[in-house]
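**Student:** I have a structure I would like to understand better, so I am pasting it below and will then ask my questions one at a time.
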Amino acid sequence: KNQVEQSPQSLIILEGKNCTLQCNYTVSPFSNLRWYKQDTGRGPVSLTIMTFSENTKSNGRYTATLDADTKQSSLHITASQLSDSASYICVATETSGSGNTGKLIFGQGTTLQVKP
Amino acid sequence: DAGITQSPRHKVTETGTPVTLRCHQTENHRYMYWYRQDPGHGLRLIHYSYGVKDTDKGEVSDGYSVSRSKTEDFLLTLESATSSQTSVYFCAITSGTGLAGGAYEQYFGPGTRLTVT
Chain A
1 KNQVEQSPQS
11 LIILEGKNCT
21 LQCNYTVSPF
31 SNLRWYKQDT
41 GRGPVSLTIM
51 TFSENTKSNG
61 RYTATLDADT
71 KQSSLHITAS
81 QLSDSASYIC
91 VATETSGSGN
101 TGKLIFGQGT
111 TLQVKP
Chain B
1 DAGITQSPRH
11 KVTETGTPVT
21 LRCHQTENHR
31 YMYWYRQDPG
41 HGLRLIHYSY
51 GVKDTDKGEV
61 SDGYSVSRSK
71 TEDFLLTLES
81 ATSSQTSVYF
91 CAITSGTGLA
101 GGAYEQYFGP
111 GTRLTVT
């Protein structure tokens, strides 16, 4: 069964510290890996998209890595800020062979709380 | 929110009543989606549309129907709401053509919180 698992489920860090969130996926055939940030009461917002041939991609203080061989991804947040408090969702795309849109498989998310 | 609005934003309804949620986009994108988000689950696809009057089922489509009579509007209907349909519903669009494997951006609306009592 295609699925995406994230760890930890929740995380508390102090402002200014770095952290790394993990994502393991068992999606095949695999197309790309996405990370979203979801603030409380809002819709998810895309942070990065990496195809299977990309190893790393950055978006400001957010850096995502992808190892397509081990089916693992991580999201590293540098110099955390209070506004980073949110849920971070890992999503793997299962390629559709029919030519229609690929199917997105969502993880349950990691809830990050940044404390002053 | 990439020009996506959802209405209503909050709704409380009783079991057995019909409910329609509306998603409106201003970007003229072809693909539109309805998801639900529940604690302990990742976002799950209910239905999606790949054009006017072209729709298909997602993984949790039972109890839901959709319609798309115009490019900009995608409606989700619960014919007879049940307590298990209490959830937060998100509409989404994709920026690209939706071709298989395409690294297209997917934008989400602000969500509708539905409570069925």
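Chains A and B, in that order, are what the protein sequence lines are.
The numbering of the first sequence is our numbering, which starts it at 1 and goes up by one.
The numbering of the second sequence is our numbering, which starts it at 1 and goes up by one.
Think of the CB as a built atom: it goes at the ideal place given N, C-alpha and C, for glycine as much as any other residue.
Does the Cβ-Cβ distance between residue 127 (chain A) and residue 93 (chain A) come in under 9 Å?
**Tutor:** No information on residue 127 (chain A) is available, as it lies outside the stretch 1 to 116 that chain A covers here.
**Student:** My assumption, with CB atoms under 8 Å, is that residue 36 (chain B) sits in contact with residue 89 (chain B). Please give the rounded CB distance.
**Tutor:** 5 Å between Cβ atoms; contact.
**Student:** Could you name the residues of the same chain whose beta carbon sits closer than 6 Å to that of residue 38 (chain B), not counting the 5 residues immediately before and after it, in chain order?
**Tutor:** 87.
**Student:** Under 8 Å between beta-carbons, which chain A residues line up against residue 109 (chain B)? List them in chain order, please.
**Tutor:** By Cβ distance, chain A contributes 43.
**Student:** Do you know how far the Cα of residue 69 (chain A) is from the Cα of residue 115 (chain B)?
**Tutor:** The alpha-carbon atoms of residue 115 (chain B) and residue 69 (chain A) are separated by roughly 42 Å.
**Student:** So, is residue 107 (chain A) buried or exposed, given that buried needs 16 or more other C-beta atoms within 10 angstroms?
**Tutor:** Buried is the call here.
**Student:** So residue 51 (chain B) is in the beta strand (DSSP E); what residue range does that whole segment cover?
**Tutor:** Note, residue 51 (chain B): beta strand (DSSP E), 44 to 51.
**Student:** At the 9 Å Cβ level, is residue 103 (chain B) part of the contact set with chain A, yes or no?
**Tutor:** It does: the Cβ of residue 103 (chain B) has a partner Cβ on chain A nearer than 9 Å.
**Student:** CA-CA distance, residue 69 (chain B) and residue 75 (chain B)?
**Tutor:** Approximately 9 Å, taken between the alpha carbons.
**Student:** Note down, in chain order, every chain B residue with its Cβ under 8 Å from the Cβ of residue 59 (chain A).
**Tutor:** Going along chain B, no residue has its Cβ under 8 Å from residue 59 (chain A), so there is no contact; the nearest lies around 12 Å.
**Student:** Alpha carbon to alpha carbon, how far is residue 60 (chain B) from residue 82 (chain B)? Give it in angstroms, no decimals.
**Tutor:** Rounded to the nearest angstrom, the two C-alpha atoms are 14 Å apart.
**Student:** Are there 16 or more other CB atoms within 10 angstroms of the CB of residue 61 (chain A), so buried, or fewer, so exposed?
**Tutor:** With fewer than 16 other Cβ atoms within 10 Å, it is exposed.
**Student:** Listing by chain order, which chain B residues have their CB less than 9 Å from the CB of residue 4 (chain A)?
**Tutor:** Going along chain B in sequence order, the residues near residue 4 (chain A) (Cβ under 9 Å) are 42.
**Student:** For residue 100 (chain B), which residues of its own chain have a beta-carbon under 8 Å away from its beta-carbon, when the five flanking residues on both sides are left out?
**Tutor:** Any reading at residue 100 (chain B) needs caution, since the residue's pLDDT is 40, under 50, leaving its predicted position unreliable; the model's value is listed next. Answer for residue 100 (chain B): no residue qualifies.
**Student:** Report all residues from its chain with a CB closer than 6 Å to the CB of residue 113 (chain A); omit the five preceding and five following residues, and keep chain order.
**Tutor:** Closer than 6 Å at Cβ, skipping near neighbours: 12 and 85.
**Student:** Report the three-state DSSP secondary structure of residue 28 (chain A) (helix, strand or coil).
**Tutor:** Coil at residue 28 (chain A), not helix or strand.
**Student:** If you draw a straight line from the C-alpha of residue 47 (chain B) to the C-alpha of residue 62 (chain B), how long is it?
**Tutor:** If you take the alpha carbons of residue 47 (chain B) and residue 62 (chain B), they lie about 10 Å apart.
**Student:** If you count every other CB in all the chains shown that lies within 10 Å of the CB of residue 118 (chain A), and 16 or more means buried, which is it?
**Tutor:** The structure shown has nothing for residue 118 (chain A), since chain A only spans 1 to 116.
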